[in-house]
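Residue numbers (our numbering): 3 to 507.
For each residue, glycine too, the CB sits at the ideal point set by N, CA and C.
Take a look at the structure set out below.
Here it is, written out as structure tokens:
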């Protein structure tokens, strides 16, 4: 989806060759119509592309948080495969569905075998990844409907429905008889303010609006009704959110924070009380607005596996969906990063507006060989990794760790933030900064970048950090009956940090 191509307020939907970046097909929207959201949805045995638009170039949200009184459309586009003898052309579909062939400026572009970046002067083209020059694709409009508001969010739901928002309302829609040209609305739910995001997990629906935070809903197909189940304990300007499971949600706001919320219990039978507030599990202030967050997964492959695998002594790791592909205003970047109770790491790209998952396997350089004897615990999979792309171009990764690991690294972090070698350069209060926009009693996600400094120190400097006196009791969650924590062991801290942070390399 591209906006402001030649003039302000012009948009199109295009198919892009992921290898060369050339535009293979394009569908132009009406003059003054702006694309806001899109999603692939299955209809029968095929998939269609749903595109939500705005028919106004003005803002979507009023200062009060209410939806702007404007119209939008949902376009249902089918991707049609055709044969094309002209290898240097692309198919453009106008708003009335007609197509035309134009010469592509990328027809002579060559691709380097050693890099995803291409250059016309690079002749080392790999024939194995060359696209079939006789193939062509174009987008065909199957149907278009006008909606009573900007369509800012679209989300697939189960196997036969999809959700779409318009203003402060969201709808459960579907395609009767598996016909993409016949769309039907089955149910509607409303919030007080503008809806900015929609996510689902099995039958659970989470709605993010620009004032009331995240709201949990359940859809009852037999009566075609939506019921609100849980709501956010605080007002929150939701930037994006996703359901980690049916009872837990990760949400980023427009003040630069990310939080994990969950239900007080796993029962949703009392629909008469929608004020069953969610619990704040943990929070982290990034200082950057994460406009896109996704769920990822890590599978750790340990170095002992390579040797022991030949003897049938180690578990095999086939794949892990944790490569990050981020679409930016300057192009496309890709990174493979692994990271927290939780822990955070960050990278930097150009302005990241969208993140998706890929696949990769990480081989960590440090782990205990005793694992092969069952004496060392390792993480085979982490399905709750969170990937966040921010407006300033950073990518933050959050991954779960065990309670024991969290307590160990929390103690290390408390020493790092006050030690002269690793404390913030400007003398800022690290705990106050990372704890902004969240209650003081909330569990704080550990700062992976702060902890990573420990691995850059010499052995003597590491020992100096660990011997630093504990901060004042007022800054720690201490109990008068709590037993003093055991001394931190250097090799234990280094091993744990290597397991997490060396996956970056």
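Contact between residue 154 and residue 198 holds: CB atoms are separated by about 6 Å, below the 8 Å threshold. Within 10 angstroms of the beta-carbon of residue 258 lie 16 or more other beta-carbons, which makes it buried. Inter-residue distance for residue 467 and residue 280 is about 38 Å (C-alpha atoms, whole angstroms). Here residue 499 carries a helix assignment [DSSP, helix/strand/coil]. DSSP places residue 73 outside both helix and strand once states are collapsed to three, so it counts as coil. The shortest C-alpha to C-alpha distance from residue 51 to any of 295, 445, 142, 72 is the one to 142. DSSP places residue 415 in the uninterrupted alpha helix (DSSP H) bounded by 405 to 418. Contact annotation, residue 237 with residue 217: C-beta distance approximately 12 Å; criterion of less than 8 Å not satisfied.
Taking 9 Å as the cut-off, the beta carbon of residue 284 is found closer than this to the beta carbon of residue 261.
Residue 241 places its beta carbon less than 9 Å from that of residue 210.
In the displayed model, residue 187 falls within a strand according to three-state DSSP.
Residue 392 and residue 60 have their C-alpha atoms some 23 Å from each other.
Between residue 447 and residue 389, the C-beta spacing is not below 9 Å. Annotation for residue 167: 153, 154, 155, 197, 200 place their beta carbon closer than 7 Å to its own, counting only its chain and skipping 5 residues before and after. Within the same chain, Cβ atoms closer than 7 Å to the Cβ of residue 246 are found at 252, 297, 386, the five residues on either side in sequence being excluded.
The shortest C-alpha to C-alpha distance from residue 223 to any of 171, 208, 176, 214 is the one to 176. Pairing residue 145 with residue 77 gives a Cβ-Cβ distance under 9 Å. By the beta-carbon neighbour count (other beta carbons within 10 angstroms, threshold 16), residue 451 is exposed.
The straight-line gap separating the alpha-carbon atoms of residue 62 and residue 414 is approximately 45 Å. Residue 169 has its alpha-carbon roughly 9 Å from the corresponding atom of residue 72. Residue 434 sits in a helix when the DSSP states are folded into three classes.
For residue 450, the uninterrupted alpha helix (DSSP H) segment begins and ends at 450 to 454. Residue 404 counts as exposed, since fewer than 16 other C-beta atoms from the protein chains shown sit within 10 angstroms of its C-beta. When DSSP states are grouped into helix, strand and coil, residue 48 belongs to the strand group. Residue 466 sits in a helix when the DSSP states are folded into three classes. The beta carbons of residue 139 and residue 82 sit about 7 Å from each other, so the pair counts as a contact at 8 Å. A distance below 9 Å separates the beta carbons of residue 457 and residue 500. Between the C-alpha atoms of residue 203 and residue 163 there is a straight-line separation of about 13 Å. Here DSSP, grouped into helix, strand and coil, assigns residue 494 to helix. Taken through DSSP and simplified to helix, strand or coil, residue 26 comes out as strand. Following the DSSP letters along the chain, one finds residue 158 inside the beta strand (DSSP E) bounded by residues 156 to 159. From the listed residues 465, 227, 44, 74, the smallest Cα separation to residue 492 is found for 465.
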